[in-house]
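A.B. asks: What follows is a structure written as structure tokens; I'll ask about it next.
There are 2 protein chains.
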Amino acid sequence: MKQLDRRDRFFQESLKLIHQKGFKATTIRDIADQLDFDVANVYNYIDSKESLLVKFLFDISAAFHQGLDHIIESTYSPQDKIRAIVSLNIRLTSQRPYEVSLLVNEWRNLAPRYRSKFIKEKRAYENKVRCVIEQGIKSGEFINTNIEITTYSVLASVRWLFDWYTDQSKKMNPLDLEKQLTSFILNGIQC
Amino acid sequence: MKQLDRRDRFFQESLKLIHQKGFKATTIRDIADQLDFDVANVYNYIDSKESLLVKFLFDISAAFHQGLDHIIESTYSPQDKIRAIVSLNIRLTSQRPYEVSLLVNEWRNLAPRYRSKFIKEKRAYENKVRCVIEQGIKSGEFINTNIEITTYSVLASVRWLFDWYTDQSKKMNPLDLEKQLTSFILNGIQC
DNA sequence: TCTTTATATCAACAAATGTTCATGTAATTT
DNA sequence: AAATTACATGAACATTTGTTGATATAAAGA
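Line by line, the protein sequences are chains X and G. Just so you know, we're using our numbering here: the first sequence kicks off at -12 and counts up by one. Just so you know, we're using our numbering here: the second sequence kicks off at -12 and counts up by one.
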């Protein structure tokens, strides 16, 4: 029991450190210091520094894919799918803000092998969102504009959330947040 | 004359390398190799590795501030100011895509001294944009919602542009791009 | 032409960094 | 109680990395 606590704490603190300092700038010694134990002990929890990043990134990436797949397979209208995508992003980001932060900022630091794998997952995610938008255009719900720009815009509209949730000072009812973000994406800021 | 070519080439290639590999992952030896000269020669152009990042970041940051200040001091309506902000972002990002990439991705790698200075500039920029949105709400042009969320959303809507412009495969008429992005921010994707 | 400036090289250093080995102790499981 | 697993430590390693000093050549300006 206490072991699991130790283990959990190790990954939690490592994650927070990597979020704060960046993956490259976080050394094994930083992690050991933070947990107040010896450098070598770190390697009782992980095989290598990179495996830490790999674990965090592909875990959270899978969570996003899983959530998005449920939405896509649903019978929701494109409009409601967008709503659901916003909701998914808010939920995952509020629950696991530091991992989402790595997802946005640290994937560039993966070694080539994992990096290309990650980029494929990233592209796949973007393509799934693109499909939702295409559906909406075909059904006449969404404006008929350049799909790529629209996809980038929609994705960007939720990508900053980790900034909101890793900054303690900002709290807000998740449902209100969802309502406003969805409103922004669907209707913009103009009256 | 040839000296200036050399110098320009040094900064250009350094910038591209830092964009590609990230600042921490780019070593002085990487830069020297890329330019096909000795490691020590790098220090004929710069004082330290960090000064490279500092130069790039604060230069491009100043360009954004200068552009934004002109917009704010103008007599444009809030709506047209948003238009102009989109236009500014497209212009600067298309002209200096790699520097904008660093602006988004690499400022975290500044040493504390410069990092806090940079964050102040970043916050100042965000506040200026927030003011434009507040004006729009007061004048009744923009929806009366949570200003912070709206500001983040608007900023996010143009932040991905560097991704578009550092990927050669994507070309588009800047005026069309501006029109569509402005349309997204003002009216969203819904019909 | 002479002097200064820009560009280039070689060698070397001190510090930082990821990782391993051998070994020990505490906790869990059987 | 014994055996296995989890957690911990100290010392050491081979590389990598930013930086410097001494020095040489080519170009530009006086």
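The beta-carbon is built from N, C-alpha and C at its ideal position, and this holds for glycine as well. Note that this is a predicted model, so its numbers are computed, not measured.
#1: Taking C-beta to C-beta, are X:N133 and G:D163 nearer than 9 Å?
#2: What three-state label does DSSP hand X:F129 in the structure shown?
#3: Is G:Q206 helix, strand or coil when you go by DSSP?
#4: Going along the chain, which unbroken runs of the beta strand (DSSP E) with 3 or more residues stay wholly within the stretch 109 to 170 of chain X?
#5: Taking a Cβ distance cut-off of 8 Å, strictly less, list which residues of the stretch 120 to 142 of chain G are near chain X, in chain order.
#6: Measuring alpha carbon to alpha carbon, tell me which of X:Q155, X:I172, X:R78, X:D150 ends up nearest X:L89.
#7: Say whether the stretch 118 to 132 of chain X touches the stretch 98 to 110 of chain G, bearing in mind that this needs 3 or more beta-carbon pairs closer than 8 Å, one atom from each stretch.
#8: Less than 9 Å between CB atoms is the rule here; does X:K11 satisfy it with respect to chain G?
#9: Alpha helix (DSSP H) containing X:G54: first to last residue?
#10: For the pair the stretch -6 to 6 of chain X and the stretch -10 to 0 of chain G, tell me if three or more CB-CB distances fall below 8 Å.
#11: Among X:S35, X:L75, X:I69, X:I33, which one has its Cα closest to the Cα of X:Q53?
#12: Would you tell me roughly how many angstroms separate the C-alpha atoms of X:I18 and X:S64, rounded to the nearest one?
#13: Helix, strand or coil for G:L97? Go by DSSP, reduced to three states.
#14: Return the residue from the list G:V91, G:S156, G:I58, G:D25 that minimises the CA-CA distance to G:I5.
#15: At what residues does the alpha helix (DSSP H) containing X:Y85 begin and finish?
#16: Taking the alpha-carbon of X:T62 as reference, which of X:N96, X:Y85, X:V119 has the nearest alpha-carbon?
#17: Taking a contact to mean a Cβ-Cβ separation below 9 Å, would you say G:M159 touches X:I136 in this structure?
#18: Kindly say whether X:I69, judged by its beta-carbon, lies nearer than 9 Å to any beta-carbon of chain G.
#19: On the criterion of 16 or more Cβ atoms from any shown chain inside 10 Å, does G:Q(-10) qualify as buried, or is it exposed?
#20: To the nearest angstrom, how far is the alpha carbon of X:S38 from that of X:K11?
#21: Could you compute how far the alpha carbon of X:A143 sits from the alpha carbon of G:T169?
#22: Check this for me: beta carbons of X:R83 and X:A49, under 9 Å apart or not?
#23: In three-state terms, what does DSSP make of X:A71?
C.D. replies: The answer reads as follows:
#1: Counting from one through the first sequence, the residue named residue 133 of chain X turns up at place 146. Counting from one through the second sequence, the residue named residue 163 of chain G turns up at place 176. Yes.
#2: Here residue 129 of chain X refers to the residue found at position 142 of the first sequence. It is a strand residue.
#3: The structure shown does not extend to residue 206 of chain G, since chain G is modelled only from -12 to 178, so the question has no answer here.
#4: none
#5: I120, G123, G127, E128, F129, I130, T132, N133, E135, I136, T137, Y139, S140, V141, L142
#6: Your numbering for residue 89 of chain X matches position 102 in the first sequence. Comparing Cα positions, the closest option is X:D150.
#7: no
#8: Mapped onto the first sequence, residue 11 of chain X falls at position 24. With 9 Å as the cut-off, X:K11 counts as an interface residue toward chain G.
#9: The sequence position of residue 54 of chain X within the first sequence is 67, counting from 1. Segment 36 to 60, the alpha helix (DSSP H) holding X:G54.
#10: no
#11: In the first sequence, the residue the question calls residue 53 of chain X occupies position 66. For the residues X:S35, X:L75, X:I69, X:I33, the minimum Cα distance to X:Q53 belongs to X:L75.
#12: Residue numbering aside, residue 18 of chain X sits at position 31 when the first sequence is read from its first letter. Residue numbering aside, residue 64 of chain X sits at position 77 when the first sequence is read from its first letter. Their Cα atoms are separated by approximately 46 Å.
#13: As a first step, residue 97 of chain G must be located in the second sequence, where it is residue number 110. In this structure, G:L97 counts as coil in the three-state DSSP scheme.
#14: As a first step, residue 5 of chain G must be located in the second sequence, where it is residue number 18. Looking at the Cα atoms, G:V91 is the closest of the given residues.
#15: Locating residue 85 of chain X in the first sequence gives position 98, where the first residue counts as 1. Its alpha helix (DSSP H) spans residues 84 to 92.
#16: Within the first sequence, residue 62 of chain X is the residue found at index 75, counting from 1. Residue X:V119 is the option with its Cα nearest to X:T62.
#17: Stepping through the second sequence from its first residue, residue 159 of chain G is reached at position 172. Stepping through the first sequence from its first residue, residue 136 of chain X is reached at position 149. Yes, Cβ-Cβ distance for G:M159 and X:I136 is below 9 Å.
#18: For the purposes of this step, residue 69 of chain X is taken as residue 82 along the first sequence, with counting starting at 1. Chain G, which has a Cβ nearer than 9 Å to the Cβ of X:I69, makes this yes.
#19: Numbered from its first residue, the second sequence carries residue -10 of chain G at position 3. Caution is warranted here: a pLDDT of 48 is assigned to G:Q(-10), below 50, making its placement in the model unreliable, and the coordinate value is therefore given only provisionally. Exposed, by the Cβ-count rule.
#20: Your numbering for residue 38 of chain X matches position 51 in the first sequence. Your numbering for residue 11 of chain X matches position 24 in the first sequence. Near 13 Å, if we compare the C-alpha coordinates of X:K11 and X:S38.
#21: Taking the first sequence and counting its residues from 1, the one referred to as residue 143 of chain X is at position 156. Taking the second sequence and counting its residues from 1, the one referred to as residue 169 of chain G is at position 182. For X:A143 and G:T169, the distance between alpha carbons rounds to 14 Å.
#22: Walking along the first sequence from the start, residue 83 of chain X turns up at place 96. Walking along the first sequence from the start, residue 49 of chain X turns up at place 62. Taking 9 Å as the Cβ cut-off, X:R83 and X:A49 do not qualify as a contacting pair.
#23: Within the first sequence, the letter at position 84 stands for residue 71 of chain X. Here X:A71 sits in helix by DSSP.
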